[in-house]
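Last residue of the sequence shown: number 468 in the numbering used here, and the count goes up by one each step with no gaps.
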Amino acid sequence: MTEPAVRAELVRRALVRRQLERRVWVPITPSPKQQRFISLDVKECLIGGATRSGKTDALLAAALRDVRYPGYTAVIFRSTIAETRLPTGLQELAHRWLDDTDAVWDGQARTWRFPSGAKLVFAYLKERDSHLMYKGSEYQFIGFDELTHFGRVQYQYLLSRLNRPRDSEIPLRARATTNPDGPGFDWVLEYFAATHLEQESWSGPDRCYLHASLADNPTLDVQGYSTTLDLLDVITRRRLRDGEWVRDASALVYGFDPRLNVCAGLPELSRSDGWRHVLGIDYGYHDATALVMLAYSRYQPGIYAVDCHEESGLTPSDVATLVDDWSLRYSPESIVADVGGLGKGYATESTQRYGHAIHAAEKRDKLGNIRLLNGDLQHHRLWVLDGPALEPLRRELAELPWKDEQHLAEHPGFPNHCTDALLYGYREAYHWASTAKPAEDQMSVEEIRLDRLDRDAARRQAAEWEDY
Ligand SMILES: Nc1ncnc2c1ncn2[C@@H]1O[C@H](COP(=O)(O)OP(=O)(O)O)[C@@H](O)[C@H]1O
Ligand SMILES: [Mg+2]
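Structural data, given as structure tokens:
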């Protein structure tokens with residue numbers, strides 16, 4: 001080959017190499033843990049653990065894995081736009097990785113477009129209902145950075161957007177990262193069965209948790225960084241440095257403890273006492289409607305959540321029918337509901353069709369009411385029955401976090417329909433919850449009247465059982 005021909009060949013090869021290099025989307029060498037996260041072909045995978053253990057890098061690399069497929073669309077969510085734009089955040093990282101490649105950034109659509117036609121979108125959920133905006137979308141990869149900043153409902157709704165054309169072979173994957181902290185700590189822990197003791201845990205064949213520690217980031221000065229984290233309080237340190245899923249109960253609204261506040265059934269009452277019922281309702285259409293039935297007896301300490309129904313998309317007529325069924329079953333002495341705004345139409349339907357007397361729930365001083373309720377939870381005076389019907393209520397009680405450290409409002413990303421229905425009913429029934437039965441000769445006229453009503457109710461209940 002002549003000298004110019006050799007030079008031309010070298011230039012051509014350099015150009016090809018450069019072109020190839022411009023298609024290297026992931027410029028880091030992933031650690032074995034990151035590689036496992038990227039290559040696992042399981043539908044859902046969460047990488048959780050210590051901060052700066054390389055989780056966010058692993059997420060971006062996972063999203064970029066399949067951009068060679070022409071129709072591939074990936075989306076990565078954060079819970080606010082501010083977080084996606086942090087200097088250490090995902091968008092910044094994506095610019096560092098992709099700016100010098102053939103991928104093109106469309107700032108308006110917050111989308112990277114790849115030569116194959118594939119897309120990577122950065123999205124954020126601002127409001128509690130923002131996930132509903134993605135109703136018509138379809139993705140083959142859905143990523144969540146800091147999953148504990150999302151609600152379970154948001155996560156599961158968005159998961160339903162994983163889809164592909166019938167003959168496509170693009171894998172469908174949901175991938176998430178998180179530190180073991182944040183408002184969604186409890187649901188994420190339960191959903192992925194993540195514990196610090198297990199390196200890797202599976203909850204079903206399609207759902208996997210990988211545990212990341214500081215040692216999984218090949219570039220980190222582990223010793224130096226650990227020393228910095230030593231300054232944190234114990235819980236934060238164990239979470240961020242060691243990646244442990246340690247609970248911080250003070251972040252939750254309700255002091256509900258499933259070991260202490262759940263019981264298998266109602267206790268026996270003396271023959272002369274009957275159960276009284278109060279129904280609490282939180283109306284909603286997109287947000288679910290929730291009904292919670294409470295039972296208490298005037299002289300039995302304690303109040304019991306005995307039934308619950310939670311469903312979205314119910315019309316006023318559906319709810320009225322449900323309330324009527326429950327009224328026949330439980331004969332509640334009172335029905336209390338959130339009758340403001342949308343609730344008004346629901347309550348009116350119930351009253352006009354079935355003659356239900358629906359009281360407006362007392363909505364002032366919600367915090368005071370939560371405190372009272374927590375006091376009863378703590379002193380084992382409020383019980384939720386076991387069994388599947390009450391599951392949505394138990395879940396909300398166990399998972400609803402405060403919005404922030406001030407503890408003045410509930411976190412808007414988490415459902416509170418069942419707990420609100422509980423609060424409405426509880427407030428109505430509370431003053432009966434723990435009175436000791438006075439001796440008969442010391443009863444006031446009113447108490448004697450109520451006592452008689454109780455005895456009648458108990459007699460009727462006993463007679464029903466005999467008929468049965
Ligand atoms: N395999 C890797 N090679 C080079 N740098 C890495 C690698 N993994 C992580 N890093 C860098 O380490 C730092 C912390 O990683 P990051 O993914 O943000 O951690 P986390 O999300 O767990 O807090 C970032 O600067 C990131 O770019
Ligand atoms: Mg991160």
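Note that CB positions come from ideal geometry on N, CA and C, so glycine has one too.
Just confirm the distance between the C-beta atoms of residue i and residue j, as a whole number of angstroms; I'd bet it's less than 8 Å.
| i | j | result |
| --- | --- | --- |
| R173 | F141 | 5 Å |
| V306 | L266 | 7 Å |
| W383 | G280 | That pair is no contact at about 15 Å. |
| S79 | E146 | 7 Å |
| A74 | A61 | Going by Cβ atoms, the distance from A74 to A61 rounds to 12 Å, so no, they are not a contact pair. |
| D216 | G54 | 6 Å |
| A295 | R276 | 7 Å |
| L93 | T56 | 7 Å |
| R394 | V262 | 7 Å |
| R237 | D230 | 7 Å |
Taking all protein chains shown into account, decide if residue i is buried (16 or more other Cβ within 10 angstroms of its Cβ) or exposed.
| i | result |
| --- | --- |
| Q91 | buried |
| M293 | buried |
| V445 | exposed |
| E126 | Note on residue identity: the sequence assigns Lys, not Glu, to residue 126. It is exposed - the Cβ of K126 has fewer than 16 other Cβ atoms within 10 Å. |
| T289 | buried |
| Y489 | Lying outside 1 to 468, the shown extent of the chain, residue 489 is not represented and no answer is given. |
| P70 | exposed |
| E362 | exposed |
| A347 | buried |
| T148 | buried |
| E349 | buried |
| S331 | exposed |
| H250 | First, the amino acid is wrong: residue 250 is Ser here, not His. Exposed. |
| D475 | For residue 475 there is no data in the structure shown, the boundaries of the chain being 1 and 468. |
| A58 | buried |
| R166 | exposed |
| R427 | buried |
| G413 | buried |
| E405 | exposed |
| T29 | exposed |
| D376 | buried |
Less than 7 Å between C-beta atoms, sequence neighbours within five positions excluded: which residues of the same chain meet that for residue i?
| i | result |
| --- | --- |
| S327 | H356 |
| P392 | C308, E310 and C418 |
| A398 | D186, F256 and P258 |
| V339 | A347, I358 and A360 |
| P425 | For the record, residue 425 in the displayed sequence is Gly; it is not Pro. V278, L279, G280, V292, L294 and V336. |
| V153 | P415 |
| Y72 | D66, A118, Q140 and I170 |
| A421 | G280, I281, D282, A290, L291 and V292 |
Thinking just about the alpha-carbon of each residue, which of the options is nearest to the one in residue i?
| i | options | result |
| --- | --- | --- |
| A429 | E200, P70 and R298 | R298 |
| L159 | D167, R166, C263 and A176 | A176 |
| E396 | W187, G343, L342 and H379 | W187 |
| L40 | G89, A123, R12 and P171 | P171 |
| Y285 | P316, R238, Q300 and K366 | P316 |
| M133 | D318, F37 and F77 | F77 |
| R207 | P183, T227 and Q156 | Q156 |
| W402 | L162, L252 and G117 | L252 |
| E169 | V67, R22 and G413 | V67 |
| L423 | L372, Q223, R238 and G343 | L372 |
| G274 | Q300, R128 and V262 | Q300 |
| Q352 | R329, L367, V323 and D365 | V323 |
| Y139 | F150, D129, S130 and A118 | A118 |
| A409 | V26, Q34 and G368 | G368 |
Could you confirm whether any beta carbon from chain C is found closer than 7 Å to the beta carbon of residue i?
| i | result |
| --- | --- |
| L60 | The structure shown contains no chain C, having only a single protein chain. |
If I measure Cβ to Cβ from residue i and keep anything under 6 Å in the same chain, skipping five residues before and after, which residues do I get?
| i | result |
| --- | --- |
| W245 | P180, L189, A194, T195 and H196 |
| A103 | W112 and F114 |
| L46 | A176, F192 and Y209 |
| I370 | none |
| E333 | R276 |
| V121 | V75 and T111 |
| G151 | G413 and F414 |
| P388 | none |
Using a Cβ-Cβ cut-off of 8 Å (strictly less than) and excluding sequence neighbours within five positions of residue i, which residues of its own chain qualify?
| i | result |
| --- | --- |
| S226 | L214 and R241 |
| Q378 | G255 |
| G345 | P316 |
| T222 | The question names Thr, but residue 222 in the sequence shown is Val. Excluding positions up to five away in sequence, the list reads L214 and A215. |
| A109 | V121 |
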